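The structure appears right after this line, and notes come after that.
So this is what it looks like as structure tokens:
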């Protein structure tokens, strides 16, 4: 096998980097002096990554004498709200308010506790440190705490002991810890049942939602929380953003008023759609704009001088170092570079987003993969594409950004950036929709030495297919609904117009009707659309084969993406025989997202096996 690296096709790549490490030294964040660095004003609203010891966040500089500290929700709620949280921080920045949002220890990109946490004292300490850091960095005397979910609970309970808290914004706070834990347990069952995977045998307390497990020690501390028993007002002014259909926020507001706070109230419009699925969660802009207006009105007319964001420092783990930064055209893309502590020229993996899951991955699987692979000598770059997580959408981006040309371009920019970060070989890894972007990017960058696509749903995109519908209902075909539609009496009722299946059913029916066409595609030349798609797929794989790029396809044993694989490579993968450098493997006992911890560990083992040849070649060269 001959693998050629460092070959550029002349396309525009990354336009500069905040993630450039010095060879043979600890990771440092520096602007490339040979490139034009963005000005503070141009990038402030995006949020610049900063480090605060064992955890990090995003700082949005501003000129007001009042700063905003944002306290995020936890678990699955945080996954769904990541883009919303970025959008709200952007509104604060546009109003001139310095703003900091961050990850609690053991969440997001933060370091994990060495031992199982006993309580939430480390979270409280993180809030204290973040508040002090923000006041000093922004050069302000007063801050406003803005919290969502359990973050709002932390804001209301910790505000009295923090210096200079002007006001608190409470968004759907956890009012009663005992009730919250019951809801988490029920939520966990609902999510696992909907996915069809059952409970995680390694989740001892049954409080893990979508694989994000709440440790027993933290759960015990949360259980005792009662906001209706607050003994001290958190601030002179409080805005309570209340959910419809519950009196919990009214209970909080009434208690705050009884403690002497000036309480304003507003409805949390769009709350219901935020917590169902990261793919469907969209920022409720009217609600966010009203919050930003409320906070901006609290700032006095004494402008303070805007101070530049500090240079980020790495998070240092036992065997890895991580540093976050922005890269790509306009420095819009956000990524986290993870590298082995002692290896300067490690092979580097580039992880794409899967769906709308931001760069940590579903159940933090990408964080786990990056840090575990660092033990084996691999570096990695996990990043957010256009409109996902911490990367703002480019003006003019479609509402549904998956399977877009923009995501292919973003992946190419990430490959180019990874080549700058480490001289080792580049291995591109994508799951689900990220697998499609990874494949298309690999075709356009010869420096990709190895391509790994996991549970990919598309090898080529059918231009006649609606992206939003495919994203929303693409996994339904393996469920009971699809089986029901195949029953003779159901089909007869449907044909007679006696059954309304809705949008999901129409999508599944369309999938059923195309199956026969796709089976015939290899024998139809260019006579049908699916025949042309079949030809395009194999043209792409031949191109990678000729280039010497190894391709590993990994699928969960019952994944919906297998029908895509079989359509192009045969029911038993017999057409893979045409390619020396292409492999396919099944991962047992794993759902599409690798939700359970055991499934994530099996994915890690499969990924290590898939990329091992690239490492062997590196050593031999």
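Residue numbers (our numbering): 287 to 907.
Note that beta-carbon positions come from the ideal geometry of N, C-alpha and C, so glycine has one too.
Here the structure is a predicted model, which means the values were calculated and not measured.
Whether residue i touches residue j by CB criterion (8 Å)
{"i": "residue 674", "j": "residue 726", "result": "no"}
{"i": "residue 415", "j": "residue 339", "result": "yes"}
{"i": "residue 613", "j": "residue 657", "result": "no"}
{"i": "residue 430", "j": "residue 464", "result": "no"}
{"i": "residue 617", "j": "residue 667", "result": "no"}
{"i": "residue 406", "j": "residue 507", "result": "yes"}
{"i": "residue 560", "j": "residue 367", "result": "yes"}
{"i": "residue 711", "j": "residue 633", "result": "yes"}
{"i": "residue 424", "j": "residue 359", "result": "no"}
{"i": "residue 665", "j": "residue 625", "result": "yes"}
{"i": "residue 896", "j": "residue 842", "result": "no"}
{"i": "residue 477", "j": "residue 361", "result": "no"}
{"i": "residue 432", "j": "residue 460", "result": "no"}
{"i": "residue 880", "j": "residue 651", "result": "yes"}
Buried versus exposed call for residue i [16 or more other C-beta atoms within 10 Å across all chains shown]
{"i": "residue 309", "result": "Because the pLDDT of residue 309 is 30, which lies under 50, any placement of that residue in the model is unreliable, and the number read from its coordinates should be weighed accordingly. Looking at its Cβ environment, which holds fewer than 16 other Cβ atoms inside 10 Å, residue 309 is exposed."}
{"i": "residue 487", "result": "exposed"}
{"i": "residue 510", "result": "exposed"}
{"i": "residue 484", "result": "exposed"}
{"i": "residue 548", "result": "exposed"}
{"i": "residue 691", "result": "exposed"}
{"i": "residue 640", "result": "buried"}
{"i": "residue 400", "result": "exposed"}
{"i": "residue 480", "result": "exposed"}
{"i": "residue 681", "result": "exposed"}
{"i": "residue 832", "result": "exposed"}
{"i": "residue 579", "result": "exposed"}
{"i": "residue 434", "result": "buried"}
{"i": "residue 279", "result": "Residue 279 falls outside the range modelled here, since the chain spans only 287 to 907, and no answer is possible."}
{"i": "residue 743", "result": "buried"}
{"i": "residue 364", "result": "buried"}
{"i": "residue 532", "result": "exposed"}
{"i": "residue 546", "result": "exposed"}
{"i": "residue 728", "result": "buried"}
Best match in the options for proximity to residue i [C-alpha to C-alpha]
{"i": "residue 369", "options": "644, 640, 711", "result": "644"}
{"i": "residue 357", "options": "342, 723, 699", "result": "342"}
{"i": "residue 699", "options": "731, 711, 722, 708", "result": "731"}
{"i": "residue 402", "options": "735, 747, 502", "result": "502"}
{"i": "residue 449", "options": "563, 422, 436", "result": "422"}
{"i": "residue 412", "options": "426, 441, 555", "result": "441"}
{"i": "residue 622", "options": "628, 602, 631", "result": "602"}
{"i": "residue 848", "options": "862, 872, 826, 404", "result": "872"}
{"i": "residue 870", "options": "881, 882, 857, 877", "result": "857"}
{"i": "residue 706", "options": "523, 516, 631, 823", "result": "631"}
{"i": "residue 505", "options": "836, 571, 469", "result": "469"}
Helix, strand or coil at residue i according to DSSP, with G and I counted as helix
{"i": "residue 388", "result": "strand"}
{"i": "residue 865", "result": "coil"}
{"i": "residue 345", "result": "strand"}
{"i": "residue 514", "result": "helix"}
{"i": "residue 368", "result": "helix"}
{"i": "residue 829", "result": "helix"}
{"i": "residue 483", "result": "coil"}
{"i": "residue 476", "result": "helix"}
{"i": "residue 669", "result": "strand"}
{"i": "residue 404", "result": "coil"}
{"i": "residue 453", "result": "strand"}
{"i": "residue 743", "result": "coil"}
{"i": "residue 566", "result": "coil"}
{"i": "residue 581", "result": "helix"}
{"i": "residue 880", "result": "coil"}
{"i": "residue 871", "result": "strand"}
{"i": "residue 886", "result": "helix"}
{"i": "residue 625", "result": "strand"}
{"i": "residue 607", "result": "strand"}
{"i": "residue 602", "result": "strand"}
{"i": "residue 702", "result": "helix"}
DSSP beta-bridge partners of residue i
{"i": "residue 552", "result": "527"}
{"i": "residue 836", "result": "736"}
{"i": "residue 462", "result": "512"}
{"i": "residue 357", "result": "433"}
{"i": "residue 620", "result": "612, 670"}
{"i": "residue 635", "result": "666, 713"}
{"i": "residue 335", "result": "344"}
{"i": "residue 841", "result": "872"}
{"i": "residue 940", "result": "Examination of residue 940 is not possible in this model, given that the chain is present from 287 through 907 alone."}
{"i": "residue 428", "result": "352"}
beta-carbon residue i near the ligand MN non-hydrogen atom, thresh 7 Å
{"i": "residue 835", "result": "Among the components of this structure there are no ligands whatsoever, and the ligand MN is therefore not found."}
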